[in-house]
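Colleague:
Protein chains: 4
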Amino acid sequence: MSTPAAPPTPAWLRPRPPITSGAEYVESLRGRGLRVHFMGERIAEPVDHPLIRPSINAVARTYDLANEDPALATAVVGASGARVNRFLHVTESVADVVAQNKMQRRLGQLTGTCFQRCVGMDAINALYPVTWSIDQATGTSYHARLRAFVAAMQAQNLVNGGAMTDPKGDRSKGPSEQDDPDLFVRVVERRPGGVVIRGAKAHQTGCINSHWILVMPTMRLAAADRDYAIVCAVPVDHPGLRFVVGRQSCDTRALERGSVDQGNARFSGQEALILIDDVFVPDELVFMAGETSYAAELVERFTAFHRRSYVCKTGVGDVLIGAAALIADYNGVAQVSHVRDKLVEMTHLNETIYGAGIASSYESRPTPAGNYQNDELLANVCKHNVTRFPYELARLAQDLAGGLVATLPSEQDFADAEIGPLLHRLLRGRSGTTAEDRARVLRLIENMTLGRNAVGYLTESMHGAGSPQAQRIQIARQMQLEDKKQLARSLAGIES
Amino acid sequence: MSTPAAPPTPAWLRPRPPITSGAEYVESLRGRGLRVHFMGERIAEPVDHPLIRPSINAVARTYDLANEDPALATAVVGASGARVNRFLHVTESVADVVAQNKMQRRLGQLTGTCFQRCVGMDAINALYPVTWSIDQATGTSYHARLRAFVAAMQAQNLVNGGAMTDPKGDRSKGPSEQDDPDLFVRVVERRPGGVVIRGAKAHQTGCINSHWILVMPTMRLAAADRDYAIVCAVPVDHPGLRFVVGRQSCDTRALERGSVDQGNARFSGQEALILIDDVFVPDELVFMAGETSYAAELVERFTAFHRRSYVCKTGVGDVLIGAAALIADYNGVAQVSHVRDKLVEMTHLNETIYGAGIASSYESRPTPAGNYQNDELLANVCKHNVTRFPYELARLAQDLAGGLVATLPSEQDFADAEIGPLLHRLLRGRSGTTAEDRARVLRLIENMTLGRNAVGYLTESMHGAGSPQAQRIQIARQMQLEDKKQLARSLAGIES
Amino acid sequence: MSTPAAPPTPAWLRPRPPITSGAEYVESLRGRGLRVHFMGERIAEPVDHPLIRPSINAVARTYDLANEDPALATAVVGASGARVNRFLHVTESVADVVAQNKMQRRLGQLTGTCFQRCVGMDAINALYPVTWSIDQATGTSYHARLRAFVAAMQAQNLVNGGAMTDPKGDRSKGPSEQDDPDLFVRVVERRPGGVVIRGAKAHQTGCINSHWILVMPTMRLAAADRDYAIVCAVPVDHPGLRFVVGRQSCDTRALERGSVDQGNARFSGQEALILIDDVFVPDELVFMAGETSYAAELVERFTAFHRRSYVCKTGVGDVLIGAAALIADYNGVAQVSHVRDKLVEMTHLNETIYGAGIASSYESRPTPAGNYQNDELLANVCKHNVTRFPYELARLAQDLAGGLVATLPSEQDFADAEIGPLLHRLLRGRSGTTAEDRARVLRLIENMTLGRNAVGYLTESMHGAGSPQAQRIQIARQMQLEDKKQLARSLAGIES
Amino acid sequence: MSTPAAPPTPAWLRPRPPITSGAEYVESLRGRGLRVHFMGERIAEPVDHPLIRPSINAVARTYDLANEDPALATAVVGASGARVNRFLHVTESVADVVAQNKMQRRLGQLTGTCFQRCVGMDAINALYPVTWSIDQATGTSYHARLRAFVAAMQAQNLVNGGAMTDPKGDRSKGPSEQDDPDLFVRVVERRPGGVVIRGAKAHQTGCINSHWILVMPTMRLAAADRDYAIVCAVPVDHPGLRFVVGRQSCDTRALERGSVDQGNARFSGQEALILIDDVFVPDELVFMAGETSYAAELVERFTAFHRRSYVCKTGVGDVLIGAAALIADYNGVAQVSHVRDKLVEMTHLNETIYGAGIASSYESRPTPAGNYQNDELLANVCKHNVTRFPYELARLAQDLAGGLVATLPSEQDFADAEIGPLLHRLLRGRSGTTAEDRARVLRLIENMTLGRNAVGYLTESMHGAGSPQAQRIQIARQMQLEDKKQLARSLAGIES
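Protein chains in written order, with the numbering used here: chain C, 1 to 496; chain W, 497 to 992; chain U, 993 to 1488; chain F, 1489 to 1984.
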C-alpha cells in the first residue's frame, strides 16, 4: 500500500509515520497508558492481555488484508489520488459502497468475529453530508473540520471508532428529562477554543483498540437537548477516558492454557463501556455542537450505512457453515440427505442477508455533499434479517454438531496422561479423522453459538446498529403505504 | 417509442408494421384462428373471451408501460441504436439486467398478476451465450440465426414466449427412457431445410397471448436424448399447435355479470398446455438440434435469469400490502399496533425477496457472447424466498382482512332490490367508507390469496422457474463448502 | 342409537320423531320455506341446490357417524341414561370433553371440510354454567330454560347452531355507541311473554342447515349495552329470518357438470349472513336478557370451548397430508427424501395442533354448574397454532403437488373427443396410474388450498372462534407474568 | 414422607436408612471416592467442588419438592401402599404419567436447569414392560430382578441414573462392525454369577450425582451384536468407573468470587463421560443379556417416555419468560406493545411444547406388564418442538434484554471502589430499580441463552433424548400415510 505524502500534521495529532501492517498496528497500541478495567482490575497493557489480545488481532487483520488485497480493502481518494484503508475512506461512487460490503464479508470469513472497524467507517460517511448540511444552513465550518480529521486519520492510517449509544436510563424520557443529566453524553462547559464533555457510551465496539473515537448523539433530540447535540473526536488515550471491558460468554477461557477450548483462539470482538470524565475537545475536533435538529438526520444516515454493514455476519456465517460441514464430515454423515439439506438452508439464509445488504449498497445515491449513501429501506431489511437468521444458523449448526458440542471434555483432560489416550480413542469420528480435530471444530461451533463469538454473531446481530424494533420503525416510515393503497384501489376498481 | 428502420423482413415473418401500443397489441392477436380449448369447448376468438381477455390485458400493459416510461420498459440496442421493448432486449450491461427487475416490479404493481413476458426475455438472453458457445465449438450458425430472430421480433415489436416444461411422465426416467416417446418434445423427422417436432409443453405462461414461442429442452440431457435436444421458434398461429387453457381457481367468475367479485377484473395470468402435432420448423428458426451436452448450460443460464425475474412478485406483493392496509383502514384499525406491525412484516418479507433479486442482477457478469448474466446463487436464493414469503404475506393479508374475506355475499346480492340496501348498511366499516369499497378490496384480497391471481402469486411462485427443491440443488452446487470448511479449519487451528 | 322416551314436548317445539340418520336429517330440512339468498336469487329449496347440498351432506355425516361409531359420536346423559348425539351433549366428565375433540378430528377426516356443528355444541356448554351463575346471583330461571331447550333438542335429535358474530361497524366503538343501533343484535321491544330482537349475525356457520340457532352477544358489554345482552333460541324457519349465503372461492364449480373439478364434490362448509327482522322470542327461549356483566364470561367460556374445537382442522389436515402423499406417489417420487421430509413436517405441525387441543380438553375442570370446561390457555394456544400451521401445510401440499395443481385442464377437456385421449396420455404420472386419478387428487389439493374448502381450512382457521389477535389477548391475560417474574428473581438472587 | 418398612436389603445393596431430604441427599454423595476428572485434574470431593455443586443442588431440589408437595413429587406404590419419590415410581395409571410431566415442569421452574433425574425414571418405566416381554418369551427372570432393584431404590430413596448413549464411532456402522469393539458398551466376559462389561457412555446426565446407573443399549441391534445387548445396574461408586465432566459454556464462572455473574449461581445441569473398565455385574443386576431383538423395543419405549419428559423445558422456559418480563420492566418498557407481544409469543411457544407433551401422557395406555406408557407420536412431536422453540424463546429473550446482556461489566467492576459507584449510577434502568438487580436478571438471561444453562435449555433440548432427525424418523414411522391416502382417495372420488 503506497501512502501519499501526508498533509501537514494538525496540532492535535501526535506525529507518527503511517501504520503499514497489522503488526505495526498492534505496536501502535502499546504504551498508551489507557485506564482499562476488567473483572475488578486495572489492565496494565491491553496489548499483552490474553483476554484482550484476540480482539486486537481481529483489527490487525484489517490492516493485513489491505496489503494482501488492496483492491478489496483499500480505496483511492479521488481528490488526492491517495490510496487509503477502506475503513477510512469517504465513498465516492456506488462501487465504493458495494466494496465496503465485500470487504466486510471477507473479514468476517477471516476472523469469524467482529473486526470492529465498521462503526468508524460508517460514522465518517454519515457525518460527511450532515456536517455539510449544517454548514450550508448555518454557516458553521464543521464539514471542513471533518475532512481535515479524516485526512489526518488516513495519513497516519489510524483506527477510528465511533461512539453512539448512551446508557439512556429511563427509555421513556429524553436526555434532558432524565433525573441524572449524565445518562447521555453532553457538553458541560463551553470554553474559548473548545468544549468540555462528560458522560458515558455503552457497548463500544473495539474502542480500546482504536486510536480515536467519534462521539455522536444516539437519538433524535428536542430543542431542550441542546447540550446533548455534540459530535466530536477524542483520542482514545485521553486521560479523561476510562474503559470497562464487558464480559463475554466464556471470556476467561482466553486465560486458560492451550488453544482448543477457546474455539477461535486468535480472534474475538470487543465491547466496552467508556466513561467520559470532563474531557476538553478543541474546536477543530468538534463537528456538531447544539444543532439538535440535525441529530435525527445523523442517526438515520449512520444507521442506514451501519445496518447494511451487518453483511459482515454473512462472512461469519460462512465460517459457521464451514464448521458445520466439517463436523458432519468428521461424524461420517456428510452425504446424508437431511445433513446436506441443513447446510443448504444455512447457505440460503446467509445469502438472503447478503442479498439485501449489497442490494442496499448497489442502490446508493450521492448525498448533497457528494459522497454516496446506500438505500435505507433495504439496509433496514438486511439488518432485520440479521436479527433472525444467525440464530437459525446457530441452531442448525448445533443440530449438525451433535450433543458433544456441549458435553466435550476439556482440552486438559485430552492431554491427561491417565485418561487422555482413552478419550482420543473413544471420541474419534469416522476413520481417518482424529479426536483432536473433532474437538477443535466442536469448540469452534461452541464459540460461535454459545461462547465468546456468539456475543458478536448472535447478540450483537440482534442489537448492534439498533434492536429489531428500531428497524421495524424505519421500515414503517419507508413502506409507502399510501402509494401501495393506491395500487390496490386501482386494481379493485375503487374510486379514490 | 421511436422504432428505427426495420431490417429486411425474413421469409418466415409475416410482414406487418411494429406494434406501438397495448391497444394495437390486442388487435394483433385477433383473427389468428388459434385452436384454443377450454372447458370442453373450442374458443372462437380468445381476444373476446371474457375469461381469456384479462390475461391479454396484462400483456398489453407491457406495451403501454413502454410508452409511459421508456427509460424503464424499453432499452436501446447498442449496435443499431434502436429503442426496443425491454422484454425483447439482449442485455448489454449490468444496468440492463437490473432494469429488467425494476420493470418487472412495476408491472407487478400495475397488474397485480403475471404479465407473462419474462420467460421470452430470459429465454433469448440465455440462448444468446449458449448458441454462441455451440457455434464456437461445432461450427454451427445458431447464434446468427438467433440474432436474426430477435431482430425481427424487435422490429415488429412482438411477444415472444418461451416453452420449456415438458409433461415428463415418470420423473425417475429421462426423455428417451420413457415408455411413451412423446412425453418430451422431440424431433420426429429431419427434412432438407428443417425439422419436424412433436410433443407437448405444460404450464405455458401466456402462450396464447404470444406471437412466437421459443421451444427449449427442460433438463440436462444424455447422449441418447439427441432427438430431444431441440431449440427452435414456432409461430403461435401455426396450425400444428393446439392450446388447452388451464383452469384457475375462481376462473369462471370472469364470466359473471359485474366487476366486484372478480377482485381484479382487468388483469390475470394465463397458463396453458400446448399440444405440438408434427410441426415443421425451417432451419432459420432452429437454434439447437442434437447438441445434448449444451442442454444443461441452457437450463442453468435460463433458470439463473428466470429465478431472479420472480422479483415481479414483489410488485404483486406491493398490491397485496396496499390492499391489506386499505382494508385495515376501512375496518377502522389502521393505527392499531398489531395491524401496523403486520404491514411492516409484509413489507420486510417483500423487500427481502427484492433485495436478493436485484443483488443477483447487480452482480451480473458478461458472458463469452457479450451479453450480461446475473449471479446464479443469489438468483436461486431470490426464487427460494419466493416459494415461501408470498404464502406468508397472503396469510397476513387474510389476517388483516377479517373473516368477511371468505364469507362476503355476492355482488348480485348487494345489488338485490330486497336485501341489497340492508347489506350496504350492515357491511360498512368505519364511518366515511362504503360497503362497496370494502367489498372491492376484500374481493381483491380473495383474488390474490385464494382466487384467480393466487395461482400466480402463490402456486406459480412455488413452481415457476423450478420448484423449491430445484433451487436447493442449485444452491448446494454453489455453496462452496470446501472453501468454507477451510475457513473453519483455519480458525479452529486444524492442520489440513 | 336408542333414544329414551322424550319428555313432554314444549309448546314452542313442533312435534316430530327424532332424526335417526343422515338421510332423515336431510329430509328434515326440506320444505321449510327458508328465505335464502345467493347471487341475486332466492333459493327455492336449499336441500336440492347443488351449491348448498355439499354443506348439508357434511352435517348429515355427523348423524351417520353417530350410528357407525356411537362410542365416539354419541354420549349418555347421566341424569336420564339417554344416549344423545355428542353435539347436543352437556359434558359430564373430562372424558366427555376429550371425546368431543376425537369426534371432531374424525369428522374432519371424513368430510375434509367444516361439518358446522361445533358452535352449537360449544354454545350450550358455555351457556350451561353462565345461566347457572346468573340465576344464582339474580334469581332468574335461565338455567332451567336452557336445560329444557337442550333436552328438547336431544329428544328430537336436532341441529342447534350458535350465532355470535355481529357486523360490528366501527370496531373502536361498542354496540350502543354505533351510529346505527342495528349493527349488533338487540332487543327492540319487551312484550309480556317475550322479547323482540333485531339485527344481523355474520359468518354464520351452517345456519341454513340448522334447526335452531342460539343467539349470543359477541363481546364484553358495558352497562349501556343492556339491550344487546340477549341470549335466546330461534327456530331457523322463523319468517323473520333471512339468510344470505357467503361466496366461497370456486363455489360455482358445484354447478358445473362432472365431479372432478370440484375436488371434494360431496362435502363443503357453509357460512351465511343472517338478517333478523323483529323476531319475537318467547320467554322460555330467552337465556339472558340485559345481564350485561355476564357477557364477558359467556364469551370467554364459549371461546375456550370453541378454540380447542379447531382440532377438527387436524382431521382436515390428515386428508391434505394423504392427498400430498398420494400425488407424490402418482408422480413417482414417494420415496425421495425431501418429499418424505415434507410429509413428516406436515404431520408434525398437524399433531402439534392436536396436542395442544386435546391437552386443553384433558385439563378440563368442573364448572360451578357441574359440566366440564376445558383449559383456556391451552385452548387459545391450540387455536393460535391453527391460524398458522394449516397455511404451512397448504404451502407444502402445493409444493408436493407440482405446478399442475394450478394449470390442469378442465374435466370437460379430459372428456373431449378430440383432445381428451391425448390429455389422458400425456398427463399420466408413473406407470400404473391414470391421469384421471392424478387429476382428482390435484383437484382435491386445489380445493383445500385455493378452492372451496380452503375457505374452511385456511381463512376460517384464521378467523373462526376469533382472529389471531384475540388469542394473543387471552394468552396475555393468562400468562401469569408475575409468577414467572418471581421464578426469575428467585434464581437470579434478586430480593423482591 | 412416610416410607413403609423396607423389604430385606439385597446383598448388593449397601445398607443405609432412606434419604429424607435434599440435605441428606447431598450428604449421601460424600466420601464415595469417585474418580472424577475435570480440566486435567482429579476432583477430590465433587460435593464440595464449586463447579459441580450447583448440579447436585438441582438434584437435591427433587428431594425437597417431594417433601413440600408430595402430591406432585411422590407417588404411592399400589402393591405396597408405600409412598415413594415419583422419579422412582413405576406408573400405575394415566394420572401417574401426567403427574410426571407436571412435576418436571415445576422442577424446571424451581431450578432453571436440568435436574437430571428423568432418565432414570424413564428407564425403569421402559424396562418394566421390556423385561416382562423377554421373560414371557424366553423364560428369563429379568422382570423380577428389575422389580427387586426398583424396590431397593425406593426403599432407600436413591437416585437412579440411566446410561444409554455410546460414543458410536462411525455412525454408518453398527456396534460389532466398528474397528474398535469398545465404542459401544459390551460384555467382555461371562462368569458364573455375572458378567463383566467394558466401554463408555457419553453425555451422561447427572451420573456423578446418582447412586446407581442403569446401563442400556443405545440403538436397535443386529444378531451379531449379542455382546452389546446388555442392560444392567451398576453402583456409581464402583471402582471400575471413571467420570470425565463435560465442559459447559461459562462453566468456570462458578469458580469466581461473587454470585451475580453466574446468572443462576445455585443450580446447573451436569453431563459427563463415563469410562467403564471391566466392571463385574452380578446376575441379580442384569436385566438383559444378549436378547438383541428386544433392543429396539427398549429404545422405542424409553424414547417415547423421555421425549415427552422434555416438558421440563417449559418450566425452564417459564423462568426465561419471567426474566424477559423482568428486564423489560427494569428497562421501563413493560407496557410497550411490541414488548408485550414478544412475551405473548414466548408463552405461546412454551405452552405449545407443553400441550403436546401432556397430551402424550394423557393418551397413555397400559403395557402388557401393567405399567402405563405414553403416546409415542405425540411424544416425538413434543420433543421435536423442543428442538426448535427454546431457541426462539432465547432469541426473543435476548431481544428484550437489550445489548447489555452481552456487554455488561463484571460483578467485580461493579464492586470496584473507583468505578463501581459510577457503574451503579449509569447502568440503572427506570427509577425505582437498581443496577444490581438489572445486572442479576441480565446475567440470568445470559446464563440461559449463552451460558451454563444454555447447554441444558438449548443444546440438550436439541440432542437430548435423540437429535431432531431421530424424531422425524419416528414421526415418519407413525404417520399412517396409507390411512391418510385412503381418506384423500375417498373424498377425491378415486377408486382404490
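All C-beta atoms, glycine included, are put in the ideal place defined by N, C-alpha and C.
(1) Whole-angstrom Cβ separation of F:A1546 and F:C1606, contact assumed at under 8 Å?
(2) Straight-line CA distance for U:M1075 to U:L1064?
(3) Does the distance from the CB of F:R1926 to the CB of F:I1762 come in under 9 Å?
(4) Quick check on F:T1895 - is its C-beta less than 9 Å from some C-beta in chain B?
(5) Taking 8 Å as the limit between beta carbons, can you name the residues of its chain near F:R1523, skipping five residues before and five after?
(6) Less than 9 Å between the beta carbons of U:G1112 and U:I1205, yes or no?
(7) Under 9 Å between C-beta atoms, does C:V185 make it to chain F?
(8) Spatial neighbours of F:R1520 within its chain, please: CB distance less than 8 Å, with the 5 preceding and 5 following residues excluded, ordered by chain position.
(9) Any chance you could list the beta strand (DSSP E) runs of at least 3 consecutive residues sitting entirely within the stretch 720–767 of chain W, in chain order?
(10) What does W:Q831 reach in chain C if we use C-beta pairs closer than 9 Å?
(11) In this structure, how does DSSP classify F:W1620 when only helix, strand and coil are distinguished?
(12) Rounded to a whole number of angstroms, what is the C-alpha to C-alpha distance between U:V1336 and F:G1687?
(13) Residues in its own chain within less than 6 Å of W:R526 by CB, not counting five upstream and five downstream?
(14) Measure the beta-carbon distance from U:A1147 to U:P1010 and round it to whole angstroms, keeping in mind my assumption that it falls under 8 Å.
(15) Considering only residues of the same chain and omitting the five flanking positions on each side of C:N331, which have a CB-CB separation below 6 Å?
(16) Across which residues does DSSP place W:H533 in a beta bridge pair?
(17) May I ask you to report which of helix, strand or coil DSSP gives W:N943?
(18) What residues in the stretch 432–449 of chain C have a beta carbon less than 8 Å from any beta carbon of chain W?
(19) Please list, in chain order, the chain F residues whose beta carbon lies closer than 8 Å to that of C:I552.
(20) Mind pulling the chain C residues with CB within less than 8 Å of U:H1330?
(21) If contacts are defined as beta-carbon pairs under 8 Å, then W:L923 and U:R1239 qualify, I think. What distance do you get, rounded to the angstrom?
(22) If the criterion is Cβ atoms closer than 9 Å, does the pair W:G853 and W:V807 meet it?
(23) For a test of the three-state rule: what should DSSP assign to F:M1776, helix, strand or coil?
(24) If we count Cβ pairs, one from each stretch, closer than 8 Å, do we get three or more for the stretch 380–395 of chain C versus the stretch 883–893 of chain W?
(25) How is the alpha helix (DSSP H) around F:T1840 delimited, first residue to last?
(26) Ordered along the chain, which non-local residues of its own chain (more than five positions away) have a Cβ less than 6 Å from that of C:G162?
(27) Taking the alpha helix (DSSP H) that C:Q412 belongs to, which residues open and close that run?
(28) So with CB distances below 8 Å, who are the chain F contacts of C:N453?
(29) The stretch 797–808 of chain W: which residues have C-beta closer than 7 Å to a C-beta of chain C, in chain order?
Modeller: The answer reads as follows:
(1) Going by Cβ atoms, the distance from F:A1546 to F:C1606 rounds to 12 Å, so no, they are not a contact pair.
(2) Sequence check: residue 1075 of chain U is Arg here, not Met. So the alpha carbons of these two residues sit roughly 12 Å apart.
(3) no
(4) As a matter of chain content, chain B is missing from the structure shown, whose protein chains are C, W, U and F.
(5) R1530, P1727, L1729, R1730, F1731
(6) yes
(7) no
(8) V1724, D1725
(9) 726–731, 737–741
(10) Under the 9 Å cutoff, chain C gives no residues; its nearest Cβ is about 11 Å from W:Q831.
(11) helix
(12) 35 Å
(13) V543
(14) 6 Å
(15) G429
(16) W:R538, W:V740
(17) helix
(18) D437, R440, V441, R443, L444
(19) Residue numbering for chain C in the displayed model covers 1 to 496; residue 552 of chain C lies beyond these limits and cannot be assessed.
(20) S337, D341
(21) Not quite, the Cβ-Cβ distance comes to about 13 Å (not below 8 Å), so this is no contact.
(22) yes
(23) strand
(24) no
(25) 1825–1850
(26) V119, G120, A123, L214
(27) 411–415
(28) Those do not exist, as C:N453 stays about 11 Å from chain F at its closest Cβ, beyond 8 Å.
(29) none
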